[in-house]
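Okay, so here's the structure we're looking at.
Number of protein chains: 2
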Amino acid sequence: MLDPKPVHRHIDVHEEAYLADLIDLVRQPSISARDEGVTECAEILARQMENMGVKASILPTDGQPVVFGALPSKDPDAFTLLCYGHYDVQPPEPLERWDSPPFEPVVRDGRLFGRGTGDNKGQLLTHVMAASAWKAVHGDVPVNLKFIFDGEEESGSPNLETFVAKNRDLLAADLVLISDGTMHPSGAPLISLGNRGVIGITLKAQGADRDNHSGNKGGVAPNPAWMLIHVLAHTVDPSGKVLVEGFYDDVRAVTETDREIIERLPFDAESFGATMGLPRVTMPKEEYYRRIMLEPYFNINGLISGYTGPGSKTIIPSEAEARIDIRTVVDQRFDDLVEKLRAHIHALDPRVEMHVRGIGGMRPSRTPADHPAIPVIAGAVERARDREPFINLSSGGSLPNAVWPNTLGIPHVGIPYANADENNHSPNENLVLDCFYAGIHTSAEVFAALATARDRGTL
Amino acid sequence: MLDPKPVHRHIDVHEEAYLADLIDLVRQPSISARDEGVTECAEILARQMENMGVKASILPTDGQPVVFGALPSKDPDAFTLLCYGHYDVQPPEPLERWDSPPFEPVVRDGRLFGRGTGDNKGQLLTHVMAASAWKAVHGDVPVNLKFIFDGEEESGSPNLETFVAKNRDLLAADLVLISDGTMHPSGAPLISLGNRGVIGITLKAQGADRDNHSGNKGGVAPNPAWMLIHVLAHTVDPSGKVLVEGFYDDVRAVTETDREIIERLPFDAESFGATMGLPRVTMPKEEYYRRIMLEPYFNINGLISGYTGPGSKTIIPSEAEARIDIRTVVDQRFDDLVEKLRAHIHALDPRVEMHVRGIGGMRPSRTPADHPAIPVIAGAVERARDREPFINLSSGGSLPNAVWPNTLGIPHVGIPYANADENNHSPNENLVLDCFYAGIHTSAEVFAALATARDRGTL
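Protein sequences, first through last, are from chains E and Z.
First residue of the first sequence? That's 1 in this note's numbering, and the numbers climb one at a time after it.
First residue of the second sequence? That's 1 in this note's numbering, and the numbers climb one at a time after it.
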């Protein structure tokens with residue numbers, strides 16, 4: 001097995017070059033939401049990959065192109081790792097709240113500031129740079145490396161599934177590695193095994209075709225606000241339990257391994273409460289993590305009816321609307337849940353119409369915690385960071401990860417490298433340079449660990 | 001008994017002078033909502049009353065002044081009628097939707113257009129003009145007449161109750177007559193015996209001190225939209241029944257007389273539906289009228305939580321608010337209902353706060369349908385209009401009428417004189433001139449009928 005130590009030394013002495021590449025990549029806007037500079041950014045990224053010894057190509061989709069790269073190992077039996085990332089970025093607005101322009105990356109206080117530094121240009125580059133370091137030092141990489149960099153993740157990756165389905169052979173691998181998001185606020189590394197899915201729903205209740213005077217018509221004109229309230233109250237109970245028949249049918253049972261992993265996670269009722277604007281979290285640790293990681297949540301994100309401006313208007317509203325996002329967990333199925341919910345709503349009150357926002361939404365996905373790659377990766381992360389990582393069974397939010405098991409048939413593991421205060425999607429997005437460099441070291445170590453495990457027959 | 005016939009002839013030949021007075025009064029803006037021209041209007045009105053032989057005075061309140069007038073009968077045993085009206089008007093905006101300026105009254109197609117023509121300057125003047133006609137023809141009036149013209153009805157008459165309580169002797173009377181609102185759309189006259197009250201409530205549910213990401217925190221952060229929905233769903237059932245304990249305790253039972261009056265009212269499911277923007281009313285006639293006239297209604301007029309702009313935001317809202325107006329019926333009491341509702345809400349979820357908008361709101365009031373003045377007035381209206389009036393047990397909306405029985409101890413009867421399409425509170429407010437003149441005739445006939453009934457000992 002090749003020795004990772006000289007690779008780490010190589011990384012240490014090339015920090016300046018890595019930073020220069022990252023700055024070049026961040027300087028190029030790549031805002032998929034308004035098709036601004038995305039193709040130009042793909043070209044810069046592909047050129048950087050080529051310069052680092054990775055064969056790169058820009059592959060079309062129905063939307064923004066995918067940047068694909070490959071750096072095979074000389075070992076014919078090598079493990080194959082597919083690294084996923086995205087080179088598009090969120091719009092930078094509001095511009096006036098940036099301390100320096102979003103696309104003029106600048107280092108201040110040990111951080112690189114700029115849109116896309118942490119989300120996700122800095123993180124996707126770590127894998128390429130780690131591969132390049134291995135190649136430079138040893139003339140080979142310990143695992144076959146493939147890279148798929150998405151150009152429209154910030155727009156919901158609408159073409160990713162189709163692209164993957166059409167390129168199964170090209171993308172064939174043993175595991176997908178994703179570095180996106182942030183480490184634990186304590187600075188501890190994290191390993192993320194999945195994410196919840198999301199289904200966007202709008203419920204609309206219709207009363208009369210106009211607002212009516214609540215005095216003159218109160219009691220005889222239908223009030224859609226009341227219709228909506230009664231439908232919603234019979235859809236989710238006060239504890240958050242969804243009352244739709246069969247809603248939980250496909251939810252996986254919590255395993256003993258899941259429980260052990262949760263038991264090892266940190267929990268502080270006050271500081272966890274503070275992150276969401278509460279004096280403290282009032283539920284116990286096990287329930288807290290179980291709810292975010294392993295249970296669906298039926299959220300109302302918007303509710304509107306009648307007059308809500310200054311003063312008041314004594315009207316019976318003509319319409320009422322609830323905007324909902326349902327956070328689903330593996331193995332809940334989009335079509336199944338939509339159908340069950342539609343039937344439930346219709347049976348309660350046919351005057352309430354249900355509309356699904358987006359097609360399919362993001363699917364839930366979760367690599368089982370007892371997958372043999374997890375301890376291998378956890379060990380590598382601990383060696384690279386000198387600190388045991390926490391295992392996150394699933395992030396509460398939604399990512400386009402389901403495509404890997406569902407379409408490609410392989411598991412995925414996330415190792416977020418960004419600092420907890422990276423301000424992704426916000427002004428003054430930044431990446432702590434030490435996190436960036438540590439990410440390159442970590443990827444290099446993960447490559448070695450996967451190769452060793454393959455040699456030993458454990459993977 | 002004095003003969004009303006020459007009085008009607010007198011009215012017929014003085015139409016031009018009545019119209020000139022009304023035009024003068026409408027030309028003076030009197031917008032209580034922004035204290036624009038109200039005092040000036042009070043002065044014009046008092047001068048007009050003096051010119052018509054009524055002793056008028058402008059009496060201060062903590063808000064806009066009351067214009068009081070008196071024209072006693074020479075008969076020491078005469079019935080005393082107190083006529084209530086208001087000389088303030090709604091703001092005229094939006095100005096661009098008026099075909100002629102709101103304070104430049106003009107006659108078109110047999111209607112006088114201008115803010116306040118029907119609501120309520122034209123209607124309050126009818127009583128003064130009828131009294132003046134009696135005086136001019138016979139040198140006397142058949143009943144003692146008192147006039148109280150409110151300067152802030154359009155602002156909720158906040159000082160009326162205090163004013164009445166301080167001036168009980170001045171205002172002492174046997175009955176209050178109010179001409180406000182419109183006749184039946186068919187053109188049939190109406191007699192209105194009351195109105196519902198209104199209580200304005202805001203419910204606010206508080207979650208965290210900020211919006212949270214529904215993926216990252218969905219299931220562990222509290223969602224105030226759900227709190228509010230569950231509280232509301234347990235406060236009013238889908239049929240509209242209020243679930244607050246004791247809410248209906250003081251509601252009067254429906255009497256046989258009430259039922260007979262409802263039975264005589266017109267009902268057309270399609271055209272009644274059309275007035276509120278529905279294909280048809282689906283409930284039976286008796287239920288329709290009972291609900292508007294004799295039952296309370298718990299209305300939601302505004303509902304807001306989270307993000308309701310274009311697109312969507314996957315947040316857990318930090319706040320949710322419902323704006324409510326409860327339409328109450330006689331003898332429901334404001335303080336009692338507020339206290340019961342507050343206890344009910346608090347028991348359901350102490351995180352939902354209840355705020356009462358305004359102090360006291362408008363109280364419900366209803367003169368019993370078997371009051372002996374009703375057939376007397378109905379007979380007078382039928383003689384004046386050559387058409388039997390419909391009896392409206394109570395308007396669904398709210399008016400400051402409760403002060404008469406509650407503070408002065410006397411009943412009230414409404415005879416609206418305006419055309420159904422008067423556009424009150426809207427652009428192009430107007431009063432059909434024939435309605436205006438018919439109103440003067442009707443008041444004159446009502447005065448005579450009350451005097452006759454007093455002579456016969458029935459009143």
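Every residue gets a Cβ at the ideal spot worked out from N, C-alpha and C, and that includes glycine.
N- and C-terminal bounds of the alpha helix (DSSP H) containing residue i
i              : result
L10 (chain Z)  : According to the sequence provided, residue 10 (chain Z) is His. The question's Leu does not apply to it. That run of the alpha helix (DSSP H) goes K5 to V13.
T442 (chain E) : L433 to R456
K166 (chain Z) : L160 to K166
G379 (chain E) : A373 to R385
L341 (chain E) : F334 to L348
F272 (chain E) : A269 to M276
Contacts around residue i, its chain only, beta-carbon distance under 7 Å, and the 5 residues preceding and following it disregarded
i              : result
H371 (chain Z) : P411
I292 (chain Z) : G396
L232 (chain Z) : A322
A479 (chain E) : Absent from the structure is residue 479 (chain E), since the part of chain E shown begins at 1 and ends at 459.
Y307 (chain E) : K313 and I315
G246 (chain Z) : K340
R383 (chain Z) : E445
Within 7 Å, strictly: CB atoms of residue i and residue j
i              : j              : result
F163 (chain Z) : L124 (chain Z) : no
G197 (chain Z) : S30 (chain Z)  : no
N167 (chain Z) : P72 (chain Z)  : no
C83 (chain Z)  : L171 (chain Z) : no
L459 (chain E) : A453 (chain E) : yes
H132 (chain Z) : G69 (chain Z)  : Looking at the sequence itself, residue 132 (chain Z) is Ser, so the reference to His does not match. Result no, Cβ atoms of S132 (chain Z) and G69 (chain Z) do not sit closer than 7 Å.
R351 (chain Z) : A205 (chain Z) : yes
M354 (chain Z) : R342 (chain Z) : yes
S214 (chain E) : N301 (chain Z) : yes
V244 (chain Z) : H344 (chain Z) : yes
F298 (chain E) : I261 (chain E) : no
A466 (chain Z) : P4 (chain Z)   : Because chain Z spans 1 through 459 in this model, residue 466 (chain Z) falls outside it and cannot be assessed.
F103 (chain Z) : R27 (chain Z)  : yes
Segment limits, beta strand (DSSP E) that includes residue i
i              : result
G206 (chain Z) : Reading the sequence as shown, one finds Gln at residue 206 (chain Z) and not Gly. Note, Q206 (chain Z): beta strand (DSSP E), G197 to Q206.
L71 (chain Z)  : V66 to L71
D150 (chain E) : N144 to D150
T117 (chain Z) : Where T117 (chain Z) is concerned, there is no enclosing beta strand (DSSP E), given that its DSSP letter is neither H nor E.
A320 (chain E) : E319 to T328
I178 (chain E) : L175 to I178
L303 (chain Z) : Y297 to G306
T80 (chain E)  : T80 to H86
A56 (chain Z)  : K55 to L59
R108 (chain Z) : V106 to R108
Own chain residues within Cβ distance below 6 Å of residue i, not counting five before or after
i              : result
D119 (chain E) : N424
A78 (chain E)  : V143 and N144
A221 (chain Z) : A208, N212 and I316
G181 (chain Z) : P416
Amino acids of chain C, ordered along the chain, whose beta-carbon sits closer than 7 Å to that of residue i
i              : result
H230 (chain E) : Any reference to chain C falls outside this structure, whose protein chains are E and Z.
Residue environment, residue i, which counts as buried when at least 16 other CB atoms sit within 10 Å
i              : result
N51 (chain E)  : exposed
V446 (chain Z) : buried
S100 (chain Z) : exposed
R280 (chain E) : exposed
K121 (chain Z) : buried
K74 (chain Z)  : exposed
S239 (chain E) : exposed
N401 (chain E) : buried
R366 (chain Z) : buried
T80 (chain Z)  : buried
V107 (chain E) : exposed
Cβ shell of residue i (< 8 Å), same chain only, five flanking positions each side left out
i              : result
T126 (chain Z) : S179, Y417, F436, G439, I440, T442 and S443
M283 (chain E) : R291
P375 (chain Z) : none
G63 (chain Z)  : S32, G151, E152, S155, P158 and N159
P296 (chain Z) : R196, V242, F247, Y248, V251, I326, R327, T328, V329 and Q332
Residue i Cβ short of 6 Å to the ligand NAP heavy atom set
i             : result
V13 (chain E) : The ligand NAP is absent from the structure shown, which contains no ligand whatsoever.
Fill in: Residues of the segment 30-45 of chain E with Cβ closer than 7 Å to any Cβ of chain Z, in chain order
none
Discussion item. Under 9 Å, CB to CB, which of the residues in the segment 212-226 of chain E have a partner in chain Z?
Written reply: N212, H213, S214, G215, N216, K217, G218, G219, V220, A221, P222, N223, A225 and W226
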